[in-house]
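Trainee: Take the sequence shown: its position 80, counting from 1, is numbered 80 in the UniProt record's numbering, and each next residue is one higher. Beta carbons: idealized from backbone N, C-alpha and C, even for Gly. Source: prediction; values computed, not measured.
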Amino acid sequence: MRGTPLTSVDRSRGIGDRLGLAADDRVVEGALWAVVVASVTLDVYTTWLGLSIGLSEGNPVMRWAIGGLGIAALGAAKLLVVCGAGALRTLRPRYGTTIALGLALPWTVTVLVNAVALATV
């Protein structure tokens with residue numbers, strides 16, 4: 001149902017339409033989930049590399065978990081978050097793009113921070 005600009009908001013359109021993009025919402029969401037998978041993988045890998053050369057984990061909870069269980073604790077924590085986000089996306093498909101973006105952005109920044117830390121050692 002489409003409303004007039006003065007009476008209601010058109011909620012039938014996707015985020016691509018609202019932002020003036022031609023891309024289909026599913027394509028955008030799929031690309032963001034691919035970024036999530038890549039950033040999680042790179043985060044675990046760059047963390048492992050940093051720990052192997054003597055750097056320390058910045059998150060105190062993960063530092064404790066890695067100290068007790070090894071790098072698998074980080075992988076398990078990331079997997080738990082991704083599975084939880086996937087479950088939330090299943091319950092609220094309308095927010096799939098937002099959920100994926102909410103994971104992709106901070107993990108991509110984390111990978112960049114890890115890469116800078118590794119490059120400066």
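(1) If you follow the alpha helix (DSSP H) that ARG26 is in, where does it begin and where does it stop?
(2) What do you reckon, are the CB atoms on ASN114 and THR41 nearer than 8 Å?
(3) Are VAL121 and LEU32 closer than 8 Å when you measure CB to CB?
(4) Between which two residues does the alpha helix (DSSP H) holding VAL109 run?
(5) Tell me whether the beta-carbon of ALA117 lies closer than 8 Å to the beta-carbon of GLY75.
Mentor: The structure says:
(1) The count along the sequence shown starts at 1 and reaches residue 26 at position 26. Looking at the DSSP string, the run of the alpha helix (DSSP H) that includes ARG26 is 25-52.
(2) Counted from its first residue, the sequence shown places residue 114 at position 114. Counted from its first residue, the sequence shown places residue 41 at position 41. Contact flag unset, no.
(3) Reading the sequence shown from its first residue, position 121 is the one you call residue 121. Reading the sequence shown from its first residue, position 32 is the one you call residue 32. In this structure, LEU32 does not lie closer than 8 Å to VAL121 by Cβ.
(4) Counting from 1 along the sequence shown, the entry for residue 109 is found at position 109. For VAL109, the enclosing alpha helix (DSSP H) stretches over residues 96-119.
(5) Start at 1 with the first residue of the sequence shown, and residue 117 comes out as number 117. Start at 1 with the first residue of the sequence shown, and residue 75 comes out as number 75. The Cβ atoms of ALA117 and GLY75 do not sit closer than 8 Å to each other.
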